[in-house]
Every structure is written in C-alpha cells, then in structure tokens.
Amino acid sequence: MKRQTLYFILSFCLPWLNSFAQLPRIKFQKAESYNSYESVYTGSVNPDYLASFEPISFNIYFWGINRGDGTSEKPMTYNDVEGVMRSINEVFNPHGIYFVLKGYSYVNNDALNSGATHWQIRDYMQQNKHIVSDAFNCFVPYDFKEGASANGWTELFSKTLSIRMKWAFNYKSKSTPHELGHILGLYHTFGKSGNGDIIKEHVTRNPDDPNYNALTEGDYIHDTPAMPNFFNPKSFGTVPKPPNQDASVVDCIYIGNITDEQGTPFVLTPYDVGNIMGYTPCKNANFTPGQAIRMMETIYFNEAKNKNILEAKTKTLKK
Ligand SMILES: [Zn+2]
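When you line the sequence shown up against the working numbering, it's residues 1376 to 1694, in that order.
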C-alpha cells in the first residue's frame, strides 16, 4: 500500500534510566528518508518571538494493545498513562505547548501485541475505527516486530504514534515526547536520518562565517549544535568515519573527539547532550527555543502539513 507521506521517521526512542542497561546494541536501519525540506521554519531562536505565539493544547489518547485474550506481559495502566502525560508536559509546557489526556482504552490482538510494525498497528486501528479523531493516537504494544529496535515510531505531521510498553512507557521516558517532537516537525539533532550525515553540519554558529550551515544541514536548527548520535557514534551516514574519532556520554558529559567535516571539534554541553531529539543516555530532557519555534511555526503556519496536527487541538485554547 502506498503511503501518502514520504517523510518516514524511525525513532529509536530512548529507554532512559534504569532500562538503559537492557538495551541491546543497536544496528540502525536506513529506515528514515527525507527527500525535501518541507518546513516554514524561519530559523529564529528568539525567546521573545517564541513567547508571541498563542499557547496551544492538544488531546492525546492511548491505546494499550493486549494479547487476543485480553492479557499482556505488561499491561498499560493508568499510572503509566499519568506518568507519561507528566513527562510530556514537563518538556512541552515551558514552550507554550500543552497535552491533555483525552482518554485511554485497550485493543486485544495477538499479532499486534508483540509482532507488528507501527504501520501495521496504525492500519489495523484505522480500519477498525480505533482512532479518536480529535486527538493524537498513541498505540502501546508490548513490543514491536522482532528486530525492530525502535522504542517509538511515527512520522512527521502524523496523528498516530506507537510506543513500545516493554521499555519506553514510563515517567521520565523521553520516547513519547520525542515522537511528538517529530509529529510537530522536528528532526533528530544529529541529522535527519537514523544514521545522519553528522559531520556535514558545521560547528560554527556565526551566521557571518562562510562555513555556517546550521539552517541547511543536520536538523536545520541554529541552537542545537552539531552533534553525534551517541548510540551509534561510529556511523557518519554516507560519509566515511574518520578512523580516530569516537564519542560517548558519561553522566551527560560528552567525551569524544568528533569533528565536523572541516575538522572543527564538536562542543557539547550537558544541556545539548540531553536534547529530546538526540539519541543519548543522558537523562536531561529539553527542547531548545529554536526547536520550540520550529514546532510553533509548523503548528500555526505550515498550512501544507498541519491538518492532522490541528485536528488534535483541544477546543479550548489554554492561555
Ligand atoms: Zn526519532
């Protein structure tokens, strides 16, 4: 079946904190492809401009996917839902974006409980009218298809996302906020794809520098620095990895010697390393003002892409 959107996102969303140790070494699939720059983002990082946007709130509805007999290895509970709502709002509210729990329910299906892709779950839910029209619909299977390493999946400007219960669905999980960031127009901090041509985004943040390309490479955002995918720092996407470069994170501190393609070393603070749209084991969680502005401009101005997003808006805007 042909998909209407070309903007797929594989999001390996992080099983932060205690469950990190359970994480298998990830082999990233070349599952993300973006073939154009579909955005209305101005490139602004100005907090005053961000504050000028009307605050906005969205409904979100959770669907626990149990086995066919109604049981699950780890059933979704109200505490799970309440916890992830807190995680979501803690990171979005400072930027004027709010999420309201529309409700939660369950679907019983063996195939979807632990052996399907996000797309299979989404198609089944759509075909069986298990979609709440005025909400983002978050599907929560116990696990995804064997070999699918992602903790969460979605696509840009979508109204559906999937989060695996097995690891990702708990308070302080970044997985659900991360997927919602994608829905609202954000790429990964290390670049658009799962591998990411991370060294093509130059370190310089001086717009007058002829090497400045922060708005046209990486995630296209000025205030997220050039940075690696810490879960796969040896991959440089289509660019061969320099032999002596590596990167890791210890207690949110970047340790490494990765440079951009011009040889300029990456400079990363714990705030940078903790960005929700990165892949890192750091438990910090933040969006930058630039990311928030890109989301607000997607919500309010991207008329070619914001239909699904606006359908999920609550009827009463929160001021
Ligand atoms: Zn992602």
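Even glycine gets a Cβ: it sits at the ideal position worked out from N, Cα and C.
Any idea which residues DSSP pairs residue i with across the strands?
{"i": "K1690", "result": "For K1690, which the question treats as bridged, DSSP gives no partner whatsoever."}
{"i": "L1531", "result": "Looking at the DSSP assignment, L1531 forms no beta bridge with any residue, so it has no partner."}
{"i": "L1476", "result": "I1435"}
{"i": "S1462", "result": "Looking at the DSSP assignment, S1462 forms no beta bridge with any residue, so it has no partner."}
{"i": "I1496", "result": "The partner list for I1496 (beta bridge, DSSP) is empty, contrary to what the question assumes."}
{"i": "N1650", "result": "N1661"}
{"i": "T1634", "result": "P1640"}
{"i": "A1491", "result": "F1519"}
{"i": "S1537", "result": "F1514, W1528"}
Among the options, which has the Cα closest to the Cα of residue i?
{"i": "M1690", "options": "R1580, V1456, A1510, D1583", "result": "It should be pointed out that residue 1690 corresponds to Lys in this sequence rather than to Met. The candidate whose alpha carbon is nearest that of K1690 is A1510."}
{"i": "N1503", "options": "Y1562, N1484, G1490, G1653", "result": "N1484"}
{"i": "R1442", "options": "K1547, V1482, E1636", "result": "V1482"}
{"i": "A1601", "options": "E1465, M1652, E1554", "result": "M1652"}
{"i": "S1537", "options": "P1585, N1488, T1564, K1547", "result": "N1488"}
{"i": "N1661", "options": "A1667, N1650, I1668, R1669", "result": "N1650"}
{"i": "A1543", "options": "E1554, T1535, N1683", "result": "E1554"}
Please classify residue i as buried or exposed, where buried requires at least 16 other C-beta atoms within 10 Å of its C-beta.
{"i": "R1497", "result": "buried"}
{"i": "A1426", "result": "exposed"}
{"i": "Y1453", "result": "exposed"}
{"i": "A1679", "result": "exposed"}
{"i": "N1619", "result": "exposed"}
{"i": "Y1416", "result": "buried"}
{"i": "A1687", "result": "buried"}
{"i": "E1457", "result": "exposed"}
{"i": "G1478", "result": "exposed"}
{"i": "N1526", "result": "buried"}
{"i": "V1624", "result": "buried"}
{"i": "K1549", "result": "buried"}
8 Å is my cut-off, CB to CB: does residue i come that close to chain C?
{"i": "H1470", "result": "No chain C appears in this structure, which consists of one protein chain only."}
Cβ contact check for the stretch 1433 to 1449 and the stretch 1505 to 1519: 3 or more pairs under 8 Å = yes
Is there contact between the stretch 1631 to 1644 and the stretch 1666 to 1678, where contact requires at least three CB pairs shorter than 8 Å?
-> no
Inter-stretch contact (C-beta, 8 Å, three-pair minimum) for the stretch 1557 to 1567 and the stretch 1523 to 1533 | yes
Touch test, the stretch 1635 to 1647 against the stretch 1573 to 1584, Cβ-Cβ under 8 Å, three pairs minimum | yes
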